[in-house]
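Here the UniProt record's numbering is used: the first residue of the sequence shown is 1, the next is one more, and so on.
All C-beta atoms, glycine included, are put in the ideal place defined by N, C-alpha and C.
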Amino acid sequence: MRIGAHVDPTDPLAEAAARDAEAVQFFLSDPQGWKAPKPREDAERLRAADVDLYVHAPYVINVATLNNRIRIPSRKLLVNHAAAAAAVGARGLIVHGGHVNAGDDLASGFDNWRKTFAYAAESGGFPLPVLIENTAGGDNACARRLDALARLWDALGDYEVGFCLDTCHAHAGGEELLGLVDRVKAITGRIDLIHANNSKGAFNSGQDRHDNLDGGTIDPELVVAVIRAAGAPVIVETPGGVEGQAADIAFLRRQLGTGASAA
1 MRIGAHVDPT DPLAEAAARD AEAVQFFLSD PQGWKAPKPR EDAERLRAAD
51 VDLYVHAPYV INVATLNNRI RIPSRKLLVN HAAAAAAVGA RGLIVHGGHV
101 NAGDDLASGF DNWRKTFAYA AESGGFPLPV LIENTAGGDN ACARRLDALA
151 RLWDALGDYE VGFCLDTCHA HAGGEELLGL VDRVKAITGR IDLIHANNSK
201 GAFNSGQDRH DNLDGGTIDP ELVVAVIRAA GAPVIVETPG GVEGQAADIA
251 FLRRQLGTGA SAA
């Protein structure tokens with residue numbers, strides 16, 4: 001089981017070493033911007049590294065929305081990021097599930113996700129796994145509640161799609177962590193990555209506010225139980241920089257009985 005952290009993108013491998021991490025996640029461009037990622041000069045070094053790489057797509061991407069001025073650029077940006085992530089040897093591209101606006105039909109949001117994968121298929125499909133991540137807030141979200149997630153997976157049935165489970169988002173989104181892995185897998189058939197985060201926000205608060213594993217409103221043992229049940233790689237997206245994230249990684253290794261060289 002590989003454990004790592006979300007890090008600054010300038011030198012991800014140095015960030016991994018500083019945290020004794022076996023995996024890293026990073027952005028390839030401004031997470032709040034619409035610019036396509038540029039080729040990285042260190043792409044060959046990243047591809048050759050003995051560190052598992054994951055890329056997080058920009059937060060602005062929302063392929064579910066009925067707003068053409070957001071949905072269409074979102075599709076293009078997602079395809080651009082998939083190509084750029086594959087170029088550095090990433091194992092997956094994580095993207096939030098998105099939402100529709102108040103008053104819009106959520107069914108249209110699910111169909112827009114289907115159209116996104118159809119759009120990518122026109123140019124040969126995504127070159128690496130796209131991992132849709134559950135989100136914490138919003139009454140019109142495509143991947144906050146498991147009933148919505150089931151409808152999303154039904155819409156994407158013709159395509160290969162992965163899933164990233166965020167423990168903070170699940171807790172704040174109103175889904176109990178106890179037994180969550182089984183309930184998710186009954187829908188998706190898979191969990192490709194765990195975002196292991198505690199939550200500053202209370203259960204069902206809708207607040208996307210991460211905390212270190214020994215803080216927040218989630219019993220850390222529940223986070224560990226989710227990881228153990230999923231058996232998937234782990235990324236902590238917790239505060240505190242190198243020190244805070246290294247402590248979270250070390251905590252997980254102790255609880256899971258894994259070492260820094262565990263595969």
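Return yes when the Cβ of V88 is within less than 8 Å of the Cβ of R40, no when it is not. R40 places its beta carbon less than 8 Å from that of V88.
Grab the span of the alpha helix (DSSP H) containing D11 for me, first residue to last. Taken as a continuous stretch (DSSP letters only), D11 belongs to no alpha helix (DSSP H), as it is neither H nor E.
Going by beta-carbon coordinates alone, are I249 and A90 separated by less than 8 Å? Against a cut-off of 8 Å, the Cβ pair of A90 and I249 comes out as no contact.
My output table needs one value for D166: the three-state DSSP class, helix, strand or coil. The answer is strand: DSSP assigns D166 an E or B state.
Taking only three categories from DSSP, how would you classify S108? S108: helix per DSSP, three-state reduction.
Exposed or buried, what is T10 when buried is set at 16 or more other beta-carbons lying within 10 Å of its beta-carbon? Around the beta carbon of T10, fewer than 16 other beta carbons lie within 10 angstroms, which makes this residue exposed.
Start-to-end residues for the beta strand (DSSP E) that takes in F26: It spans A23 to F26 - the beta strand (DSSP E) in which F26 sits, taken as one unbroken run.
Based on Cα-Cα distance, which residue from G241, V224, A85 and I70 lies nearest to P233? Of the candidates G241, V224, A85 and I70, the one whose C-alpha sits nearest the C-alpha of P233 is V224.
Measuring alpha carbon to alpha carbon, tell me which of N80, L213, D192 and A247 ends up nearest M1. If we check each option's Cα against that of M1, D192 comes out closest.
Which residues does DSSP pair with Y54 in a beta bridge? Paired residues: Q25.
Tell me the rounded alpha-carbon separation between G241 and A230. Approximately 26 Å, taken between the alpha carbons.
According to DSSP, is S199 helix, strand or coil? For S199, the secondary structure class from DSSP, reduced to helix, strand or coil, is strand.
Which of helix, strand or coil DSSP assigns to V161: Residue state, collapsed to three classes: coil.
Straight-line gap, A141 to F110 (C-alpha atoms, nearest Å): Per the coordinates, the alpha-carbon of A141 lies some 10 Å from the alpha-carbon of F110.
Inter-residue spacing [alpha-carbon to alpha-carbon] between V100 and T135: About 13 Å.
With a CB to CB cut of under 6 Å and the five nearest residues on each side skipped, what residues in its chain are close to S108? The residues are L66.
Just checking, does the region 72-81 make contact with the region 39-59 on the three C-beta pairs under 8 Å criterion? Counting Cβ pairs under 8 Å, three or more are found: they touch.
Along the chain, where does the beta strand (DSSP E) containing H96 start, and where does it finish? Note, H96: beta strand (DSSP E), L93 to H96.
Distance between A64 and L46 (C-alpha atoms, nearest Å): Roughly 32 Å between the two C-alpha positions.
Quick one: grab the DSSP three-state call for I61. Here I61 carries a coil assignment [DSSP, helix/strand/coil].
Inter-residue spacing [alpha-carbon to alpha-carbon] between P127 and P37: Straight-line Cα distance between these residues: approximately 16 Å.
From this set, A148, P129 and G215, which residue's C-alpha is nearest C168's C-alpha? The shortest C-alpha separation from C168 is found at G215.
Is it the case that the Cβ atoms of A155 and W113 are separated by a distance below 8 Å? Their beta carbons are under 8 Å apart, which means A155 touches W113 by this criterion.
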